[in-house]
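J.: What follows is a single structure, and I will ask about it in a moment.
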Amino acid sequence: MPNPLADELQTDRRARPSALVIFGASGDLTRRKLVPSLMGLAQDGLLPPGFAVVGFARRDWSQAEFRRRLEEGVEAHGREGAGDAFAEWQGRFSYFEGDYDDPESYRKLAVHLDEVDQRQGTQGNRIFYLATPPAAYQTILGHLHESGLSTETDTGPAGGTFARVIVEKPFGKDLDTAQALNAQVLAGFNEHQVFRIDHYLGKETVQNILALRFANSIFEPLWNHHYIDHVQITVAESIGIEGRGGYFDNAGIIRDMIQNHLLQVLTLVAMEPPVSSSGDSIRDEKVKVLRAIRSLTPEKVAASTVRGRYTAGWSRGEAVPGYLDEEDVAADSTTETYAAVKLYVDNWRWAGTPFFLRSGKRLPRRVTEIAIHFHRPPHLLYGDIHRSKLHRNVLLLRVQPDEGVSLRFGSKVPGPHFQIRDVRMDFSYGSEFGSRSADAYERLLFDAMLGDPTLFARRDEVEEAWRIVDSIVEGWCASEGRPADYEAGTWGPEEAEELLGPAREWRRP
Ligand SMILES: NC(=O)c1ccc[n+]([C@@H]2O[C@H](COP(=O)([O-])OP(=O)(O)OC[C@H]3O[C@@H](n4cnc5c(N)ncnc54)[C@H](OP(=O)(O)O)[C@@H]3O)[C@@H](O)[C@H]2O)c1
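Quick note: the working numbering has the sequence shown finishing at residue 1445, numbered continuously throughout.
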């Protein structure tokens, strides 16, 4: 089935030849996401003819072993037909065994890349993808800089060679570590060479927030505190920590989800119209939103946030353990698996309109949505219907699953009485466009090949988001409390209901 994204990209944008070097190429991300997504681009004819992948890792693998594992990943996680694309492209994949900490490895890598240029026509252009655990990022970045691999000869669209780096999340674990990592990245690369991944920005429906707001005229006049009562942004997962206890117990949901995905979505919902569609115009407006978010003192954190932790319960019909009984979780852990946060964007447009963000594990469903709740009508003509009985109009942007947009409004129930009931106007991506949405990594890898930074987080965005999250974490540490319990398979702790205040309730998607 034709992919409209591919049609649009093919007509408008073409990637120049390049070699993609993946550090940590023996890992889960490469096998499950990166290579299947590259094959998706190949299927859509979006990979340039001069393209190659060099997988860098420490383990002693032969070329055949490397390709065999990638092939398995593509078969298991790629689109239909991705295996055929891999069969065609596998000659472009080479394995490079090296030590992240050894300068000699980078000298040999440079020689290998020169050979790849000769064999595959990649023309000296390099994209480095950091897909190791974050502990290795600084070492790799330092060596890329020292070896000269981060140097580009021209940044123009046509001539010279480019060098880019893609950095996976998490980008730091607080403001200090994010600033240190930014300093390390920018010691070797200029900002235009840096692509900090937040895969939420690669999702079609997240990009559609901008289309909905700025390619239509009916929504924007209502998009402010005069008409909007509050906004709910939900990223719910039904899974637990899936063997990632070592990482998750040090991060918690606030660092793992809210610092990046939810705050990024908030900026797209709340930003002012950009002066152009350029990457920096859009990111300028997003960062202004983060700067306008009211700081939370430790005292305010208690009134503006709720943190929870799941206890044993049920998930999709199966009994599941509580968080403290998961593997690699400290017995005295105070890490939250659920967080709800009330934020105010202190600017002219949003004065007094709360944004409620919530994310959690072991909730009843996997769902991501943005619900814009409008004010109730100021006056009702119908005396027997009390104003508070009418629901608010809600514009719902569904990011996953069942991607689409719907509008809830009141309608008269047919019959002699004047009764009003909620109805829905619905747009669904699947039925409207009849094709699958491209995987977020496809879009992001392609944009990095094009050098388009729009869907990547800029240095100041990442740091501003950490400023907000650090103030919440400090408040939690100061309170010395522990997260409230919620049973696995429920919508989080009861305390979260109170966060919304009177006459508002969380959606139960
Ligand atoms: N997996 C996902 O779905 C996912 C999603 C979002 C973000 N990420 C991020 O993407 C990155 C890679 O994730 P992943 O799941 O692929 O990681 P991974 O499987 O744990 O590690 C990738 C590779 O890095 C190397 N490695 C492991 N520990 C290392 C260390 N201490 N120092 C240097 N190299 C080390 C290993 O290769 P060798 O031992 O062969 O060198 C390993 O195969 C991480 O930063 C992760 O946070 C992953």
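Using N, Cα and C, we set each Cβ at its ideal position, and we do this for glycine too. Being a predicted model, the structure only gives us computed values, none of them experimental.
Any chance the segment 1374–1381 sits against the segment 1349–1365, with 3 or more Cβ pairs inside 8 Å?
T.: The segment 1374–1381 vs the segment 1349–1365: no contact.
J.: Give the straight-line distance between the Cα atoms of valine 1349 and histidine 1327, rounded to the nearest whole angstrom.
T.: The residue given as residue 1349 occupies position 413 in the sequence shown. The residue given as residue 1327 occupies position 391 in the sequence shown. Near 15 Å, if we compare the C-alpha coordinates of histidine 1327 and valine 1349.
J.: Tell me, please, which residues DSSP counts as bridged to glutamate 1423.
T.: On the sequence shown, residue 1423 is found 487 positions in, with the first residue counted as 1. Paired residues: Thr1247.
J.: Count the other CB atoms within 10 Å of the CB of phenylalanine 1125; is the residue buried (16 or more) or exposed (fewer)?
T.: Residue mapping note: residue 1125 aligns to position 189 of the sequence shown, counting from 1. Buried, since its Cβ has 16 or more Cβ neighbours within 10 Å.
J.: Does the Cβ of lysine 1105 lie closer than 7 Å to at least one heavy atom of ligand 1?
T.: Numbered from 1 along the sequence shown, position 169 holds the residue referred to as residue 1105. For ligand 1, at least one heavy atom lies less than 7 Å from the Cβ of lysine 1105.
J.: Which residues mark the beginning and the end of the alpha helix (DSSP H) in which valine 1265 is found?
T.: Reading the sequence shown from its first residue, position 329 is the one you call residue 1265. From DSSP, valine 1265 is part of no alpha helix (DSSP H); its letter is neither H nor E.
J.: By alpha-carbon positions, which one of Phe1107, Gly1244, Val1265 and Ser1231 ends up nearest to glycine 1182?
T.: Here residue 1182 refers to the residue found at position 246 when the sequence shown is read from its first residue. Closest by alpha carbon: Val1265.
J.: Got a sec, what are the start and stop residues for the beta strand (DSSP E) phenylalanine 1310 sits in?
T.: The residue given as residue 1310 occupies position 374 in the sequence shown. Residues 1303–1310.
J.: Give a yes or no on contact between the segment 1386–1393 and the segment 1176–1193, applying the rule of three or more CB pairs nearer than 8 Å.
T.: No, because fewer than three Cβ pairs between the segment 1386–1393 and the segment 1176–1193 fall closer than 8 Å, the two stretches do not touch.
J.: Does the segment 1009–1027 come within contact of the segment 1061–1078, defined as at least 3 CB pairs closer than 8 Å?
T.: These segments do not touch.
J.: For histidine 1166, does the three-state DSSP call read helix, strand or coil?
T.: By 1-based counting over the sequence shown, the position of residue 1166 is 230. It is a strand residue.
J.: Is the Cβ of alanine 1206 closer than 8 Å to any Cβ of chain D?
T.: Of the protein chains in the structure, only one exists, and it is not chain D.
J.: At the level of alpha carbons, what is the spacing between isoleucine 1169 and aspartate 1053?
T.: Within the sequence shown, numbered from 1, the residue matching residue 1169 stands at position 233. Within the sequence shown, numbered from 1, the residue matching residue 1053 stands at position 117. So the alpha carbons of these two residues sit roughly 46 Å apart.
J.: Got a sec, what are the start and stop residues for the beta strand (DSSP E) glycine 991 sits in?
T.: Along the sequence shown, one-based indexing puts residue 991 at 55. Where glycine 991 is concerned, the enclosing beta strand (DSSP E) stretches over 987–993.
J.: Decide if histidine 1162 is buried, meaning its Cβ has at least 16 other Cβ atoms within 10 Å, or exposed.
T.: The count along the sequence shown starts at 1 and reaches residue 1162 at position 226. Answer is exposed; the Cβ neighbour count stays below 16.
J.: From this set, Trp1159, Val1242, Gln999 and Leu1435, which residue's C-alpha is nearest glutamine 1026's C-alpha?
T.: For the purposes of this step, residue 1026 is taken as the residue at position 90 of the sequence shown. Cα-wise, what sits closest to glutamine 1026 is Gln999.
J.: Per the DSSP calculation, arginine 1100 is bridged to which residue(s)?
T.: Position 164 of the sequence shown, counted from the start, is the residue given in the question as residue 1100. DSSP output for arginine 1100 lists Ile1063 as bridge partner(s).
J.: On the three-pair Cβ rule with 8 Å, is the segment 1263–1281 touching the segment 1290–1310?
T.: Taking 8 Å as the limit for Cβ pairs, the verdict is that the segment 1290–1310 does touch the segment 1263–1281.
J.: From proline 1234 to isoleucine 1404, what distance separates their C-alpha atoms?
T.: Here residue 1234 is taken as the residue at index 298 of the sequence shown, counted from 1. Here residue 1404 is taken as the residue at index 468 of the sequence shown, counted from 1. Looking at the two C-alpha atoms, the distance is approximately 12 Å.
J.: Tell me whether the segment 1245–1265 and the segment 1414–1428 touch, counting them as touching only if at least three CB pairs, one residue from each stretch, are closer than 8 Å.
T.: Cβ pair count under 8 Å is three or more, so yes.
J.: According to DSSP, which residues form a beta bridge with alanine 1255?
T.: Reading the sequence shown from its first residue, position 319 is the one you call residue 1255. In DSSP, alanine 1255 forms a bridge with Trp1250.
J.: Is arginine 995 near ligand 1, going by C-beta to nearest heavy atom under 7 Å?
T.: Taking the sequence shown and counting its residues from 1, one reaches residue 995 at position 59. Answer for arginine 995: yes, Cβ within range of ligand 1.
J.: Quick one: is the Cβ of glycine 963 within less than 7 Å of any heavy atom of ligand 1?
T.: Taking the sequence shown and counting its residues from 1, one reaches residue 963 at position 27. Glycine 963 Cβ: within cutoff of ligand 1.
J.: Between the segment 1023–1043 and the segment 1070–1078, can you find at least three pairs of beta-carbon atoms closer than 8 Å?
T.: In short, these stretches touch, since the Cβ pair count reaches three.
J.: Report yes or no: do three or more beta-carbon pairs, one from the segment 1429–1444 and one from the segment 1145–1163, lie closer than 8 Å?
T.: No contact exists between the segment 1429–1444 and the segment 1145–1163.
J.: Is it buried or exposed for leucine 977, if we count other Cβ within 10 angstroms and need 16 for buried?
T.: Stepping through the sequence shown from its first residue, residue 977 is reached at position 41. So leucine 977 ends up on the buried side.
J.: Smallest Cα separation from leucine 1343: which of Ile1154, Pro985, Asn1196 and Arg967?
T.: Your numbering for residue 1343 matches position 407 in the sequence shown. The candidate whose alpha carbon is nearest that of leucine 1343 is Ile1154.
J.: Can you confirm whether the segment 1216–1234 touches the segment 1390–1404 when touching is taken to mean that 3 or more C-beta pairs between the two stretches lie within less than 8 Å?
T.: Result yes; three or more Cβ-Cβ pairs closer than 8 Å.
J.: For glutamate 1433 and leucine 1380, I'd like the C-alpha separation in whole angstroms.
T.: Working through the sequence shown from its first residue, we reach residue 1433 at position 497. Working through the sequence shown from its first residue, we reach residue 1380 at position 444. Roughly 36 Å between the two C-alpha positions.
J.: Alpha carbon to alpha carbon, how far is isoleucine 1133 from arginine 1302?
T.: The residue given as residue 1133 occupies position 197 in the sequence shown. The residue given as residue 1302 occupies position 366 in the sequence shown. Going from the Cα of isoleucine 1133 to the Cα of arginine 1302 covers about 22 Å.
J.: Give me whichever residues DSSP pairs with alanine 1172 in a beta bridge.
T.: Walking along the sequence shown from the start, residue 1172 turns up at place 236. Beta-bridge pairing links alanine 1172 to Gly1296 and Val1303.
J.: Quick one: is the Cβ of tyrosine 1377 within less than 7 Å of any heavy atom of ligand 1?
T.: Within the sequence shown, the letter at position 441 stands for residue 1377. Because no heavy atom of ligand 1 lies under 7 Å away, the Cβ of tyrosine 1377 does not count as near it: no.
J.: Quick one: is phenylalanine 992 buried, meaning 16 or more other Cβ sit within 10 Å of its Cβ, or exposed?
T.: As a first step, residue 992 is located in the sequence shown; it is residue number 56 there, counting from the start. Phenylalanine 992 is buried by the Cβ-count criterion.
J.: In whole angstroms, what separates the C-alpha of valine 1211 from that of phenylalanine 1369?
T.: Taking the first residue of the sequence shown as position 1, residue 1211 is located at position 275. Taking the first residue of the sequence shown as position 1, residue 1369 is located at position 433. When rounded, the distance between both Cα atoms is 29 Å.
J.: On the DSSP letters alone, give me the boundaries of the alpha helix (DSSP H) that aspartate 1053 sits inside.
T.: What you label residue 1053 is simply residue 117 of the sequence shown in a count that begins at 1. It spans 1039–1056 - the alpha helix (DSSP H) in which aspartate 1053 sits, taken as one unbroken run.
J.: Would you decide whether methionine 937 is buried or exposed? Buried here means 16 or more other CB atoms lie within 10 Å of its CB.
T.: Taking the first residue of the sequence shown as position 1, residue 937 is located at position 1. Because methionine 937 sits at a pLDDT of 41, beneath the cut-off of 50, its placement in the model cannot be relied upon, and the following sentence gives the value as read from the coordinates. Exposed.
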